[in-house]
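Worksheet for the structure shown next.
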Amino acid sequence: MARNKKYSRRALASGLATPVEDSLDSSQVSTFNRSPKTTRLFKGYVVAIGASAGGLDALERFFDKLPVNSGAAFVVIQHLSPDHKSMMDNLLARHTAMPVLMAENGMQIKPNQVFLIPPGKNMTVAGCQLRLLPKNPHGLSLPIDLFFTSLSKEFGKHSVGVILSGTGSDGTRGAVAINDAGGFLLAQDPATAKFDGMPRSVIATGLVDEVMPPETLAARIVGHVSNSIQPTVKLNNPREILLGDPLENILHLLHQVGGINFKEYKSATVERRIERRMQVRHVRDLSNYLHLLESDRNEIITLKRDILIPVTSYFRDVETFELLEKMAIQALVEEHRDNQSLRVWVAGCATGEEAYTLSILFAEAFDKLRRWPLLKIFATDVEQQNIDFASAGVYPEAIANELSPDRLERFFNRSGNQFVVKNEIRQHIVFARHNILDDPPFTRMNLVSCRNTLIYFDVAAQERALLCFQYALAHNGYLLLGSSESLGALHKDFSVINAKHKIYRVLRPVSLPLNFKSSTNSNDNRLRVSQPHREKHRNAETSIIEAGQALLMQSYAPPALLINEDRELVHVYGDVQRYMQIQAGSASLEISKLLVGKLAPVCVALLHKVAKDNTPLNSEIQLLDAGKHQSERVRIVVRPLVDERQTERNFLMSFEVLAQKEMSLVGADNIDVAEVSADRIQSLEWELSITRDSLQATIEELETSNEELQATNEELMASNEELQSTNEELQSVNEELYTVNAENQEKIDILNRLNADLDNMTRAVLIPTIFVDNNLKLSRFTPEAGSIFRIREGDIGRPIDDFTHQMEYPEFLHDLQRVIDTAQLMEREVNTRNDHWYLVRILPYIDRPKNLNGAVLTFVDITHIKDAQRLQAILDSLPEHIAVLNAKGVITVVNKAWRDFAESNGDHGLTHTGPGINYHDVCKTQHAPDNAIAQQVLIGMRQILSGELAHFSIKYPCHSPTERRWFLMHATSVKHPLGGIIVSHVNITAWIEGEDE
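Going by the working numbering, the first residue of the sequence shown is number 198, and it counts up by one from there.
Written out as structure tokens, the structure is:
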């Protein structure tokens, strides 16, 4: 079937604008610090909405028209002041029934919810979680770009970007990333925005799918996310198969209207971008999309632009450019003298960032090495819109995140919300539209850079492009490719400078004839000489014949140029580098601009005469061979080419180096160049006369128009004077208002600080607190007060006696009123019904000196103190001698029996056996009979503390001078994380004496 046949040519005819490819190496795009990627739980669409100044009105209009069950998640990213609390959640909650949440770090993205970026934070996406990052208080912050780029990586074609009202250009680069990933991109109609800077900036990229008012944007997004039909470029309909391949016709339309042959493109990339446009336009199949393209020329241009997305940035892959500067740029500068030409070609420059990056590196190398060669950078791209953008040299403020502050200050001028390239680096660059595969390459290049473009070509097209680069490079020239690109079959012709970063140096430049014209209908015009891989259907005999022909041409045929009737270069035979040059300015194939020195007028005269007489002519000229440092005589022969199959006339111009005694070429006539030049000059003078007459008429018309403009200008000046007077009055009023506003702002700041101090203090102490006015009405309270009084946020202003409480405090209202009347502090310990104890402290509320305005009630929880008191009372009630030791063996608590026994045995004040004394010291004794028992006690205590024993007991005598006594000591561990031991001594004298009896 037609769909399954292989294209005869699979390389993009342009090859210069960087297109979209889902399989890009991760090193080719900027990355964010994030946690390892996890499986996304949310598989739906995420709608990211970027807004700034004037965005609140647009957001309200947007959410007013948005249904609550769209199935998408909505994330709002704004420029918020880090110094003020945002009330956006409360404001938007009035315009949508969906939950409106202030984002927190790690919060899960869920459908039918609205998430807001908090003040002072940047936000990204990891998996299906929102990640918050602190905002740099000093650097440029672009939260919309940051979130859009992060979203595009995680959600791909399920990401939707919306740009609403705002100033500046935040969101522009992030929008490119969303479109790159296959997402849906929308912008507010600038006419409906209070501030149109951000919408106009993103619209200028040409990547926006829809431009609408906020109300319409809501319906358009719902239609996109609810579109259950997944378009496909596969042929499933039998009718489509019978009528031919619509994809083939679409590619033909793109070539015919857009001027780019996408048949040499990787088919998967083209199909994926076509599917995206089909989804945006809600088209089911390829046949219907083909009909749409045939009826809508703008859709063809949009599709072409959608495929050729210029994904680039300054110093993309910083490490690569650092190595290039050290290994190649410094070497090139050192090899070239002052005023010697140093040539660079940036193929596929997109919007120019890479060309300016190289210009910056060369400028820094010039200053470092104190050498200033004549640098010329040729930056080319297939898309004229990209060339126009790059030539202007005006970039959004987002480049501040790609360039160091020093480079930004030296090489750029700030103009509002944009940066403009300074002439220091702009003067070295020539931007031109150029086709890698179709147009002749530049020559004598010291450095060729083509990064992340070849990966979109098929193998054959990549080989052709690489051969062009090899031809363009001068001896020992450098080649820089993207990280996912390689030299393929040409690796033997280059030495590797750095394999990881794809920096190479040419070993064998190509000097054989190259065919730069492409054709989609025949293989006759394909690359014939030096082709790395011969077509399989050619037999060995044909290959040998062609190799012989190529060798003969290289050895015996003079270098020659094939020129069309418009005097443009069509083909190059042999090594013509010494006869040709690339001049500064716009790239051109006109032969008069390509030939060196005095060759140009001679060759142009010969072409003019041969075209007029249709006979071969020749002329001889003396040239200086710079390589051999000597002059040589060159015969220039121009012959007309006649081909019955071609309607266009062509000419063959050859250059023959003559020996000293060689005569003029037999079969061709020598012409008098002076005579031909005189005829040409007379013709030009006649054309100049006509031009002068036309110019005089134009001047007279301009003089008339100038008089009318002068009159209009006088009227405008009068109006301007009136406006100036009005402006001065407004300025005076504005200064007064500014002064008043500054004073009010200062008072507000003081109140905000005081209020923040009070909020932080109440949160820190965690003490239930209630404020009442003189009428005992509730004026403020802390959340902890809800554990005592049944009050809510809406109860402010109600009398305090309206609320029930848990306290057993019948005199509460009486005491409260007495404090207000007497302005005296009152404290009372109160029990509650749930057996909690509080220290109630009632203080008078004094807002100004001698002005009492209510009371403040605090409730300090003293339940633990009461529990400790109760526990001590229980221990004191026991007759045994009890002590509590900590993990180090230090006595912390003793009961009354312990204290009484110590006092009765001479330890007054418990200085030897009371709290704070180590029990191990108590056990130490110098009395020989007691020493053994003390050692056993010490060992047992240490075993309990180390966990070897759970408890320990010992019977020991403790006789006094007046009586014989026996005690039983029992020690057990405390079951608590802090550890410790409980020691008890029980008097067992009665038991011992009973046993003796």
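Where is the CB? At the ideal position from N, CA and C, for every residue including glycine.
Backbone secondary structure at residue 673 - three-state DSSP: As a position in the sequence shown, residue 673 is number 476, starting the count at 1. In this structure, residue 673 counts as strand in the three-state DSSP scheme.
Residues near residue 1140 in its chain [Cβ-Cβ closer than 8 Å; skip 5 each side]: Within the sequence shown, residue 1140 is the residue found at index 943, counting from 1. Only 1146 and 1149 meet the Cβ criterion.
Top-ranked residue by Cα proximity to residue 784, from 917, 697, 895 and 626: Taking the first residue of the sequence shown as 1, we reach residue 784 at position 587. Of the candidates 917, 697, 895 and 626, the one whose C-alpha sits nearest the C-alpha of residue 784 is 626.
Spatial distance of residue 241 from residue 379 (CA atoms): Taking the sequence shown and counting its residues from 1, the one referred to as residue 241 is at position 44. Taking the sequence shown and counting its residues from 1, the one referred to as residue 379 is at position 182. If I take the Cα positions, the gap works out to 15 Å.
Neighbourhood of residue 1144 by C-beta, 7 Å cutoff - its chain only, sequence neighbours within 5 removed: The residue labelled residue 1144 in the question sits at position 947 within the sequence shown. Correct list: empty, nothing qualifies.
Whole-number beta carbon distance between residue 698 and residue 517, since they are thought to touch under 8 Å: Taking the first residue of the sequence shown as position 1, residue 517 is located at position 320. Taking the first residue of the sequence shown as position 1, residue 698 is located at position 501. Between residue 698 and residue 517 the Cβ distance is about 4 Å, and since that is below 8 Å, they are a contact.
Start-to-end residues for the beta strand (DSSP E) that takes in residue 1003: Sequence index remark: in the sequence shown, residue 1003 carries index 806 (1-based). That residue, residue 1003, is in no beta strand (DSSP E); it is neither H nor E in DSSP.
Helix, strand or coil at residue 243 according to DSSP, with G and I counted as helix: Within the sequence shown, residue 243 is the residue found at index 46, counting from 1. Three-state result, residue 243: strand.
6 Å Cβ shell around residue 500 - same chain, five flanking residues per side excluded: The residue you call residue 500 lines up with position 303 of the sequence shown. For residue 500, where only same-chain residues beyond five positions count, the Cβ hits under 6 Å are 474.
Cα-Cα separation, residue 457 to residue 301: Within the sequence shown, residue 457 is the residue found at index 260, counting from 1. Within the sequence shown, residue 301 is the residue found at index 104, counting from 1. Each residue's Cα considered, the two are about 48 Å apart.
Candidates 1155, 269 and 316, of which the one nearest residue 285 by Cα: Counted from its first residue, the sequence shown places residue 285 at position 88. When only C-alpha atoms are compared, the closest one is 316.
Residue 1094, DSSP secondary structure in three states: Numbered from its first residue, the sequence shown carries residue 1094 at position 897. In this structure, residue 1094 counts as helix in the three-state DSSP scheme.
Proximity of residue 411 and residue 291 at Cβ, strictly below 7 Å: Residue 411 sits at position 214 when you count from the first residue of the sequence shown. Residue 291 sits at position 94 when you count from the first residue of the sequence shown. Taking 7 Å as the Cβ cut-off, residue 411 and residue 291 do not qualify as a contacting pair.
Limits of the unbroken beta strand (DSSP E) element including residue 1018: Numbered from 1 along the sequence shown, position 821 holds the residue referred to as residue 1018. Here residue 1018 belongs to no beta strand (DSSP E); instead the alpha helix (DSSP H) covers 1009-1019.
With 16 other Cβ atoms within 10 Å as the buried cut-off, status of residue 994: What you label residue 994 is simply residue 797 of the sequence shown in a count that begins at 1. Exposed, by the Cβ-count rule.
DSSP beta-bridge partners of residue 275: Residue 275 sits at position 78 when you count from the first residue of the sequence shown. Residue 275 is bridged to 248.
Residue 945 versus residue 955 - alpha carbon distance: Numbered from its first residue, the sequence shown carries residue 945 at position 748. Numbered from its first residue, the sequence shown carries residue 955 at position 758. Their backbone Cα atoms lie some 15 Å apart in a straight line.
Run of the beta strand (DSSP E) containing residue 592, from where it starts to where it stops: Against the sequence shown, residue 592 aligns to sequence position 395. Taken as a continuous stretch (DSSP letters only), the beta strand (DSSP E) holding residue 592 covers 591-593.
Residue 800 - DSSP class collapsed to helix/strand/coil: Locating residue 800 in the sequence shown gives position 603, where the first residue counts as 1. Correct three-state label for residue 800: helix.
Check whether residue 1098 and residue 1078 have beta carbons under 7 Å apart: Numbered from 1 along the sequence shown, position 901 holds the residue referred to as residue 1098. Numbered from 1 along the sequence shown, position 881 holds the residue referred to as residue 1078. At a Cβ-Cβ threshold of 7 Å, residue 1098 and residue 1078 count as neighbours.
8 Å contact criterion, which residue 327 and residue 312 should meet: CB distance rounded: Looking up residue 327 in the sequence shown gives position 130. Looking up residue 312 in the sequence shown gives position 115. About 6 Å; that satisfies the 8 Å criterion.
Cβ of residue 661 within 7 Å of any chain B Cβ: Of the protein chains in the structure, only one exists, and it is not chain B.
Exposure label - residue 212; buried when at least 16 CB within 10 Å: On the sequence shown, position 15 is the one that residue 212 refers to. Residue confidence for residue 212 is low, a pLDDT of 33 falling below 50, so the modelled location carries little weight; the figure read from the coordinates is stated next. It is buried - the Cβ of residue 212 has at least 16 other Cβ atoms within 10 Å.
Cutoff 7 Å; reference residue 617; Cβ partners in own chain excluding five residues on either side: For the purposes of this step, residue 617 is identified with residue 420 of the sequence shown, where counting begins at 1. Result list for residue 617: 590, 591, 609 and 610, in chain order.
CA-to-CA distance, residue 523 to residue 650, given in whole angstroms: The residue labelled residue 650 in the question sits at position 453 within the sequence shown. The residue labelled residue 523 in the question sits at position 326 within the sequence shown. Cα to Cα, the separation comes out at about 24 Å.
Residue environment, residue 1026, which counts as buried when at least 16 other CB atoms sit within 10 Å: Position 829 of the sequence shown, counted from the start, is the residue given in the question as residue 1026. So residue 1026 counts as exposed.
Closest by C-alpha distance to residue 778, when choosing among 874, 755, 833 and 637: Residue 778 sits at position 581 when you count from the first residue of the sequence shown. Just measuring C-alpha positions, the residue of 874, 755, 833 and 637 sitting nearest residue 778 is 637.
Residue 265 in three-state terms, based on DSSP: For the purposes of this step, residue 265 is taken as residue 68 along the sequence shown, with counting starting at 1. In this structure, residue 265 counts as coil in the three-state DSSP scheme.
7 Å CB neighbourhood of residue 854 in its chain, flanking five on each side removed: One-based indexing of the sequence shown puts residue 854 at position 657. Hits under 7 Å: 829 and 831.
C-beta atoms of residue 687 and residue 663 nearer than 7 Å: Here residue 687 is taken as the residue at index 490 of the sequence shown, counted from 1. Here residue 663 is taken as the residue at index 466 of the sequence shown, counted from 1. Yes, these two residues count as a Cβ contact at 7 Å.
Residue range of the alpha helix (DSSP H) that includes residue 455: Along the sequence shown, one-based indexing puts residue 455 at 258. The continuous alpha helix (DSSP H) containing residue 455 extends over residues 443-455.
Beta strand (DSSP E) runs contained entirely in the segment 492-562, provided each spans 3 or more residues: 538-544
Sub-7 Å separation of residue 759 and residue 706 beta-carbons: Within the sequence shown, the letter at position 562 stands for residue 759. Within the sequence shown, the letter at position 509 stands for residue 706. Contact flag unset, no.
Among 810, 309, 1056 and 264, nearest to residue 966 - alpha-carbon criterion: As a working note, residue 966 is residue 769 in the sequence shown. Looking at the Cα atoms, 1056 is the closest of the given residues.
Inter-stretch contact (C-beta, 8 Å, three-pair minimum) for the segment 487-495 and the segment 524-531: no
Outcome for residue 667 when other beta-carbon atoms lying within 10 angstroms are tallied against a minimum of 16: By 1-based counting over the sequence shown, the position of residue 667 is 470. Buried, since its Cβ has 16 or more Cβ neighbours within 10 Å.
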